[in-house]
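Structure representation (structure tokens):
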């Protein structure tokens, strides 16, 4: 999770470990001493090692991973559409973490995640109704969501949740705003006719997404020019 690093650490890590630059070349580009460049690289590696310890498998041995993942995602999106906080909580590990790049900060623990979403209005009438679609992003399972409030003429892009699964539960969630709905996959305005739930085939279901980054601009539509996003619940990013 490279956004956890400082700009200098990110640059040093990419130049040294990805592009194969020497310490001297890296230091010259960053306009620092060789010692400072090496120090930035060491700190970056240490942060990533700490952030990504040896992980448990997503599913126990003997489980059909594809079917199990699909079942978990279907429960997640059905609960999101129904604003069923209890079911959502049951799918999340107790020690799970939540982030919303590029905003700073991290919510640690299932209780903190759920409390933040509820406090922000998830499940209330003013929040609106959600419709979701299962997809993938960055090689991980993901859920794209649209929202519609009373009086709205159409569904609007809400957010994309990228999920990491461990031991059959959601261990980590990253929510990206509506500016990452991609031309090649998710549309800004979900079709409304016949779209009753995520489980049905439904018209024009989104295709798997290309890679997503916290910047996201290289392969997505232009950011919306209308109302800005504000956090609220699973698939956060509801419009004000």
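Numbering (our numbering), first residue to last: 649 to 888.
Think of the CB as a built atom: it goes at the ideal place given N, C-alpha and C, for glycine as much as any other residue.
Note that the structure is a prediction, hence the values are computed from the model and not measured.
Query, Result
"Alpha carbon of residue 762 to alpha carbon of residue 813, nearest angstrom", "17 Å"
"Beta-carbon proximity list for residue 796, same chain, < 6 Å, skipping 5 on both sides", "776, 777, 803"
"Interface flag, residue 725 vs chain C, CB-CB below 7 Å", "The structure shown contains no chain C, having only a single protein chain."
"Rounded C-alpha distance that separates residue 737 from residue 772", "17 Å"
"Cβ pair residue 740, residue 758 closer than 7 Å", "yes"
"First and last residue of the uninterrupted beta strand (DSSP E) at residue 761", "Here residue 761 belongs to no beta strand (DSSP E); instead the alpha helix (DSSP H) covers 758-767."
"Buried/exposed call for residue 800, threshold 16 Cβ in 10 Å", "exposed"
"Per DSSP, the bridge partner or partners of residue 740", "818"
"Chain-order list of residues whose beta-carbon lies under 6 Å from that of residue 811 (same chain, five-residue window excluded)", "789, 818, 821"
"Pick from 784, 749, 658 that is closest to residue 827, judged by C-alpha positions", "749"
"Collapsed DSSP secondary structure at residue 735 in the structure displayed", "helix"
"Cβ-based burial, residue 665 [other Cβ within 10 Å; buried from 16]", "exposed"
"Inter-residue CB distance, residue 674 and residue 685 (contact presumed, cutoff 8 Å)", "5 Å"
"Inter-residue Cα distance where the pair is residue 798 and residue 653", "42 Å"
"Cα-Cα separation, residue 671 to residue 651", "22 Å"
"Residue 751, DSSP secondary structure in three states", "coil"
"Cβ neighbour criterion (16 or more within 10 Å) applied to residue 742", "exposed"
"7 Å Cβ cutoff met for residue 683 and residue 660", "no"
"Integer Cβ distance of residue 730 from residue 780, believed to fall under 8 Å", "Residue 730 to residue 780, Cβ: 11 Å. No contact."
"Whole-angstrom C-beta distance between residue 725 and residue 791, which should lie under 8 Å", "5 Å"
"Alpha carbon of residue 676 to alpha carbon of residue 823, nearest angstrom", "36 Å"
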